[in-house]
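Below: the structure, in structure tokens.
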Amino acid sequence: MHALSLIAAITAAFVSCYAHAQSFPAKPVRLIVSGAAGGSLDIPARAIAERLRDRLPMVVENRPAAGGTVAVGDVARSAPDGYTLVYGFNGPLAYAPFLFSRLAYDPLKDLTPVIWMGGQPFTLGVSASLGINTVKELIDLLRKNPGKYNYSSLGNGSGSHLTMELVKARTKTFMLHIPYNGAPPAAAAVATGDAHAAFLPATVMLPFVQTGRIKILAVSTKERFPLTPEVPTVAESGGLKDFDSDGWNGILAPAGTPREVVLRINRDINDALASAEVRAILTKAQIRPRGGSPEQFGELMRSESQKWGPVIKFTGARLD
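So for the sequence shown, the numbering used here puts the first residue at 66; every next one is plus one.
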């Protein structure tokens with residue numbers, strides 16, 4: 066009798082999940098964006114929502130507090146029914162567990178990866194007064210003059226900060242870190258010579274490049290970016306094999322969300338990302354569209370956690 070009861074319970078649970086997947090979506094899905102309105106997460110979120118308005122209605126909500134950790138934590142504690150998703154990025158998903166001593170969620174246990182949305186490279190710019198043109202020349206300069214140079218970032222514990230720390234760790238060189246409150250002042254510091262270098266979004270440095278005050282050396286990803294194909298990668302310009310620092314982002318659901326629902330959302334968003342209209346919007350915003358399976362996104366999260374944990378511990382950076 067016990068075995069029959071167990072089989073009946075398993076069958077009932079399977080039928081319930083199947084029925085839920087078949088009726089999904091019965092109402093709009095809330096997509097909680099862990100970045101500000103008009104930012105690099107908001108733009109693709111709204112492009113996807115518009116493209117899927119008839120197939121997968123979405124309500125986009127921005128919740129950028131505490132570097133995205135509030136949004137991710139809230140969704141991790143939400144009902145696992147597919148109606149509440151979070152659009153997160155590497156900050157709250159890969160860096161945060163090593164930057165906060167007490168985090169309200171575990172990205173690898175409390176969330177279910179749905180889809181890798183895209184990535185955004187950091188661009189390495191240096192003060193034109195340094196008179197260098199390659200990452201290798203920068204590394205040589207640092208080795209010949211230990212302790213002389215510094216770099217700015219858009220904030221402590223940010224990808225901008227940690228990407229330069231990865232360069233330092235790989236090359237065994239030193240630069241003093243000067244964190245700023247955002248990318249624009251960090252770029253301005255390089256332009257005026259208050260800082261000597263920075264990894265920042267290309268858009269904030271371009272005005273200073275055009276006036277000859279900042280020299281672009283490389284992009285941080287392992288591939289060149291389509292909008293700036295003439296700019297080499299750090300690996301190409303500095304000889305740092307396999308160097309890769311991507312400002313990646315993606316959509317996740319609470320752990321325990323039925324797989325059929327996750328696959329349905331994944332399929333719809335993959336279709337949207339494949340459209341020329343959405344790809345054009347993302348590329349214009351300096352975002353490389355990705356897509357793929359939930360498993361691919363999950364593997365990215367695990368590998369990034371393994372890569373950045375030691376780097377963050379090396380820096381001693383904390384945000385609490």
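Glycine included, C-beta positions come from ideal geometry on N, C-alpha and C.
Keep in mind that this is a model prediction, so the values were computed, not measured.
Could you check what DSSP says for residue i in three-state terms: helix, strand or coil?
i, result
"Val296", "coil"
"Tyr170", "coil"
"Ala382", "coil"
"Asn314", "strand"
"Thr322", "coil"
"Ala102", "coil"
"Ala91", "coil"
"Tyr160", "helix"
"Glu369", "helix"
"Ala144", "coil"
"Glu126", "strand"
"Lys280", "strand"
"Pro178", "strand"
"Pro354", "strand"
"Gly212", "coil"
"Gly132", "helix"
"Ala78", "Any reading at Ala78 needs caution, since the residue's pLDDT is 49, under 50, leaving its predicted position unreliable; the model's value is listed next. In this structure, Ala78 counts as helix in the three-state DSSP scheme."
"Gly304", "coil"
"Gly183", "strand"
Do the CB positions of residue i and residue j come within less than 8 Å of each other?
i, j, result
"Leu168", "Thr134", "yes"
"Ala300", "Lys287", "yes"
"Ile377", "Tyr245", "no"
"Leu384", "Thr348", "no"
"Leu231", "Ser310", "yes"
"Gly132", "Gly103", "no"
Would you give the residue range spanned by the alpha helix (DSSP H) that residue i belongs to?
i, result
"Ala260", "Here Ala260 belongs to no alpha helix (DSSP H), and DSSP marks it neither H nor E."
"Leu189", "Segment 188-192 is the beta strand (DSSP E) holding Leu189; no alpha helix (DSSP H) there."
"Ile346", "341-349"
"Ser225", "224-236"
"Gln275", "267-275"
"Ala114", "107-116"
What first and last residue would you give for the beta strand (DSSP E) that runs through residue i?
i, result
"Arg95", "94-98"
"Ile219", "As written in the sequence, residue 219 is Leu, which differs from the Ile given in the question. Segment: none, Leu219 is in no beta strand (DSSP E) and carries neither H nor E."
"Leu241", "241-244"
"Leu150", "149-154"
Could you name the residues of the same chain whose beta carbon sits closer than 8 Å to that of residue i, not counting the 5 residues immediately before and after it, in chain order?
i, result
"Glu126", "Arg95, Leu96, Ile97, Val98"
"Ser368", "none"
"Ala101", "Asp107, Asn127, Pro129"
"Val274", "Gly190, Lys280, Ile281"
"Gly258", "Ser192, Ser194"
Under 6 Å Cβ to Cβ from residue i, same chain only, skipping five residues before and after it: list those, please.
i, result
"His226", "Ser218"
"Thr322", "Pro145, Gly147, Thr177"
Using C-beta distances below 7 Å, list every residue in its chain close to residue i, excluding the 5 sequence neighbours before and after it, in chain order.
i, result
"Ala234", "Val376, Phe379"
Inset, instruction - Inspect the CB distances between the region 247-259 and the region 206-219 and report whether three or more fall short of 8 Å. - result: yes
| Cβ contact (3+ pairs, closer than 8 Å) linking the region 132-147 and the region 352-362 | no
Notebook entry, point to check: Can we say the region 370-382 touches the region 159-178, given the rule of at least three CB pairs closer than 8 Å?
Noted result: yes
### Task
For the region 321-331 and the region 201-214, state whether three or more C-beta atom pairs, one from each stretch, are separated by less than 8 Å.
no
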